[in-house]
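Comments concern the structure below.
Protein chains: 2
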Amino acid sequence: MMAYEQLKLDNQLCFRLYTATRLTIGAYHPYLNPLGITYPQYLVMLVLWEQNKQPVCDIAKSLLLDTNTVTPLLQRMEKMGLVKRTQGKEDARQRIVSLTKKGMEMQEQAKHIPECLTADIIKKANEEEEYMGMIPMLDKLIEGLKQPNK
Amino acid sequence: MMAYEQLKLDNQLCFRLYTATRLTIGAYHPYLNPLGITYPQYLVMLVLWEQNKQPVCDIAKSLLLDTNTVTPLLQRMEKMGLVKRTQGKEDARQRIVSLTKKGMEMQEQAKHIPECLTADIIKKANEEEEYMGMIPMLDKLIEGLKQPNK
DNA sequence: TATTTTTGCATCGTGAACGATATAATTTGA
DNA sequence: TCAAATTATATCGTTCACGATGCAAAAATA
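Note that the protein sequences, when read in sequence, are chains A and B. Residue 12 is where the first sequence starts when you use the working numbering, and the numbers rise one by one after that. Residue 12 is where the second sequence starts when you use the working numbering, and the numbers rise one by one after that.
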């Protein structure tokens with residue numbers, strides 16, 4: 012049985028994206044484990060540190076995720092004492108998510124993570140420029156594909 | 012409260028990788044749904060079409076995954092009638108995974124998926140060269156980070 | 001050879017992703 | 001104004017990822 016050339020794993024861009032993502036998220040573990048949060052939870056923290064008190068839908072929009080992913084994530088984070096969720100005043104459907112004291116203080120502990128991670132990647136895979144060079148392509152890819160989530 | 016510049020979502024390479032991956036996998040849905048398989052299952056099929064009859068560990072190695080991810084995946088695929096798993100003869104610990112007739116026939120239906128996907132992405136996000144240009148960088152990134160799974 | 005270590009596979013538990021669906025509040029528009 | 005459509009959130013079920021752990025077979029080593 013012969014594989015079609017185009018079906019070979021080695022010719023798949025998506026498989027590379029998928030693998031690179033998994034491994035890169037794995038590289039965050041040494042820094043996120045001490046904080047007790049996962050990578051998706053870290054992303055939510057980034058969003059809230061940048062802009063506190065947001066309805067669930069805005070957080071979801073920033074992360075290009077649906078609420079059925081974000082809601083349980085926030086529920087776990089609330090249970091951990093990182094955020095609280097209050098009823099919206101103007102729009103009663105909305106749940107406004109805000110950082111607790113603990114959630115705000117975590118920013119200080121997290122502020123070196125990006126540079127640590129860059130350093131780790133450079134050390135293991137060399138050359139920073141190249142990775143940064145991917146950014147415009149990834150952005151274009153995301154922009155083109157993100158329609159469903161508006 | 013001010014966010015540190017480096018903690019802004021917009022400065023995160025990994026978030027882009029993560030999002031681009033999710034959206035790209037999503038772009039496979041129109042083609043994988045008719046086959047009744049998921050994207051990770053499609054990856055397993057790619058591996059087996061390229062080389063039938065492999066122990067679980069080899070499949071896992073190809074995909075840079077651990078057996079605790081691959082085993083349940085294969086169990087589901089066996090239940091769907093795509094593969095069968097037999098005891099290894101030389102090494103009794105191994106489970107040899109092979110394609111069923113149904114699994115082999117699926118290759119014919121799948122052979123146009125890569126070009127369809129490329130066409131979709133080009134149509135939505137323009138310019139093929141750029142995405143292909145990411146391949147060497149992703150490979151280097153993967154190579155540098157993949158140590159744990161050997 | 002006997003013991004230790006490693007390897008291959010499996011199971012369990014947790015946390016995402018995401019399709020499908022539900023519910024209530026808001027908005028639209030006939 | 002009142003029904004219909006939309007929006008914001010939540011719940012449920014399934015499938016991945018993956019850490020932790022267990023077990024038996026094989027390999028390494030004393």
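Ideal placement from N, C-alpha and C gives every residue a C-beta, glycine not left out.
Reduced DSSP secondary structure (H/G/I, E/B, other) of residue i
i	result
LYS100(B)	coil
LEU76(A)	coil
LEU110(B)	strand
ALA14(B)	coil
LYS64(B)	coil
LYS19(B)	coil
LYS157(A)	coil
Residue i, buried or exposed, once every other Cβ within 10 Å from all chains shown has been counted against 16
i	result
GLN120(B)	exposed
ARG104(B)	exposed
ALA71(A)	buried
MET13(B)	exposed
PRO83(B)	exposed
PRO41(A)	exposed
GLY114(B)	buried
ILE124(A)	buried
Under 8 Å between C-beta atoms of residue i and residue j
i	j	result
LEU18(A)	PHE26(A)	no
THR32(A)	LEU28(B)	yes
LEU34(A)	LEU156(B)	yes
ALA136(B)	LEU152(A)	yes
Residue i, enclosing alpha helix (DSSP H) - first and last residue
i	result
GLU126(A)	124–136
GLY47(A)	No alpha helix (DSSP H) holds GLY47(A); DSSP gives it neither H nor E.
GLY37(A)	24–43
Listed by chain order, chain B residues near residue i by CB distance under 8 Å
i	result
GLU126(A)	GLN17
LEU34(A)	LEU75, LEU152, ILE153, LEU156, LYS157
MET148(A)	GLU141, TYR142, GLY144, MET145
Residues that residue i contacts on chain B, provided the C-beta gap is smaller than 7 Å
i	result
THR30(A)	LEU75, ILE153
ALA71(A)	The contacting residues do not exist; ALA71(A) stays about 13 Å from chain B at best.
ARG27(A)	ILE146, LEU149, ASP150, ILE153
Chain-ordered neighbours of residue i on chain B, where CB pairs are closer than 9 Å
i	result
VAL58(A)	LEU20
Within chain A, partners of residue i - CB distance below 8 Å
i	result
ALA130(B)	Those do not exist, as ALA130(B) stays about 12 Å from chain A at its closest Cβ, beyond 8 Å.
Distance cut-off 7 Å: residue i Cβ against heavy atoms of the ligand FAD
i	result
ALA121(B)	Ligands displayed in this structure: none; no statement on the ligand FAD is therefore possible.
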